[in-house]
Amino acid sequence: MSNALQWNDYSSYIRRTFGERVQKISVNAGFTCPNRDGKISTDGCIYCTNKSFSPFYCNSDDSIAMQLQKGIDFFSPKYSAQKYLAYFQSYTNTYVPSCSTCRPLSVAEGSATINILRKKFDEALSVDGVIGLVVSTRPDCIDDDILKLLADYAANNYVEIEYGLESTQNSTLEFINRGHTYEQAVEAVDLTHKYGIMCGLHLIIGLPYETEDDFYAHAEKISHLPISTLKLHQMQVLKGTRLEKLYAENPSMLDDMSLENYVRIVANFIDILNPEIIVERLTSESPRDMLLYPDWGGRKNFEVTHIVDAYMKRNGMFQGRVYKG
5 MSNALQWNDY SSYIRRTFGE RVQKISVNAG FTCPNRDGKI STDGCIYCTN KSFSPFYCNS
65 DDSIAMQLQK GIDFFSPKYS AQKYLAYFQS YTNTYVPSCS TCRPLSVAEG SATINILRKK
125 FDEALSVDGV IGLVVSTRPD CIDDDILKLL ADYAANNYVE IEYGLESTQN STLEFINRGH
185 TYEQAVEAVD LTHKYGIMCG LHLIIGLPYE TEDDFYAHAE KISHLPISTL KLHQMQVLKG
245 TRLEKLYAEN PSMLDDMSLE NYVRIVANFI DILNPEIIVE RLTSESPRDM LLYPDWGGRK
305 NFEVTHIVDA YMKRNGMFQG RVYKG
């Protein structure tokens, strides 16, 4: 565990692994989502708006190589010489719309999907300085063929799959219109682990009608899955989402996401979490002109990270202190 923070943090893991700073650069590869194009739903998740987390250089009208180069041009003046990971972030990056399918795939559809993915991943890795792939996707949009492809890349490159789980409660997943179950996520994680590919999960703390006990139950459940990394962020109500209307009608549907309370909850969550899991982040930032709740006064992710760390140090807490292995 890092000496600097009270948890197994991602930045320290990257420096241990590569011996230098490595920057993720987001890419919009022009994919969509089965929860938007009608395969599962046309409504999407109730909180989702891709604009809230897409950097300015992510434009699907540009080639993947051009997006990466714009990202490199943006980051390179800020830091000394470094390497980069192509982060396929927007929408579902193992779901190819032209195939009109998710899992399972027919032989023809599977071949088309693999060819399209290979072309996009090859383009990303052809950019000078890019040493790996991070692929964000849904747990119901993965199969053996895709994992075999990614395992081939992983033989010579850093490769990680990041699954959007969001909650371990099926009732919550249904309410937020995720379109998949917790059991499907477990299946995807187990299958990914079988191929020896680094696997991460994404969780939202504070989803509608979940309680503090539910948040800690998430920590206990995922601690026993074969995952390498975890991203957390607070529930945010953003303009233009279905959640905006639901929250306006019933604000009590959300737990207290004030900064003070969130810091306490996340500290307790980390205290429970398997110490082997690498924590990539604790919060998410959205443009202030889009954010309705919670209001943290514009604090940046790194500021909240330091606040959580200080809280844990004051209270003698550290990742895995009360983990039940």
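Residue 201 in our numbering sits at position 197 of the sequence shown, with consecutive numbering throughout. Glycine is no exception: its CB is placed at the ideal position from the N, C-alpha and C atoms. Predicted, not measured: the structure shown is a model, and the values here were computed from it.
Just verifying my parser: in three-state terms, what is the DSSP assignment at residue i?
i    : result
Q27  : strand
D13  : strand
I209 : strand
I226 : helix
M202 : strand
K304 : coil
S6   : Only weak support exists for where S6 lies, its pLDDT of 46 falling under 50; the value from the coordinates is given anyway. Here S6 sits in coil by DSSP.
L277 : coil
L258 : coil
Q71  : helix
Y327 : coil
M330 : There is simply no residue 330 to check, as the chain begins at 5 and stops at 329 in what is shown.
S290 : coil
T196 : helix
K82  : coil
G313 : Per the sequence presented here, residue 313 reads as Asp, with Gly not at that position. In this structure, D313 counts as helix in the three-state DSSP scheme.
S130 : coil
E178 : helix
I150 : helix
S64  : coil
Taking its Cβ as the centre, do 16 or more other Cβ atoms sit within 10 Å of residue i, making it buried, or is it exposed?
i    : result
S130 : exposed
P255 : exposed
N305 : exposed
G320 : exposed
H222 : buried
A90  : buried
G75  : buried
G301 : exposed
S171 : buried
S227 : buried
S30  : buried
Y83  : exposed
N32  : buried
G23  : exposed
A314 : exposed
G136 : buried
T117 : buried
A192 : buried
T21  : exposed
A128 : buried
D275 : buried
Less than 8 Å separating the beta-carbons of residue i and residue j?
i    : j    : result
C49  : N181 : yes
V139 : N97  : yes
T196 : I165 : yes
L211 : Y167 : no
Y327 : L247 : no
L236 : R285 : yes
A271 : M316 : yes
G183 : I44  : yes
L295 : L242 : yes
F125 : Y157 : yes
I269 : I209 : yes
P279 : Q323 : yes
Y213 : M261 : no
S175 : Q238 : no
D218 : Q173 : yes
G34  : S80  : no
V100 : I120 : yes
Which one or two residues does DSSP pair with residue i in a beta bridge?
i    : result
R285 : K235
T141 : Y167
Y162 : G136
V241 : Y297
Y91  : S30, V138
So residue i and residue j are supposed to be a Cβ contact under 8 Å. How far apart are they, rounded?
i    : j    : result
L234 : L207 : 7 Å
E216 : D259 : 7 Å
C145 : Y95  : The Cβ separation is near 10 Å, so there is no contact.
P143 : A189 : 4 Å
N12  : I201 : So it is not a contact: roughly 19 Å between Cβ atoms.
V283 : Y14  : 7 Å
Q73  : Q27  : Contact doesn't hold; Cβ gap of about 13 Å is too wide.
Would a check of beta-carbon distances place residue i closer than 8 Å to chain B?
i   : result
W11 : Absent from the structure is chain B; it holds one protein chain and no more.
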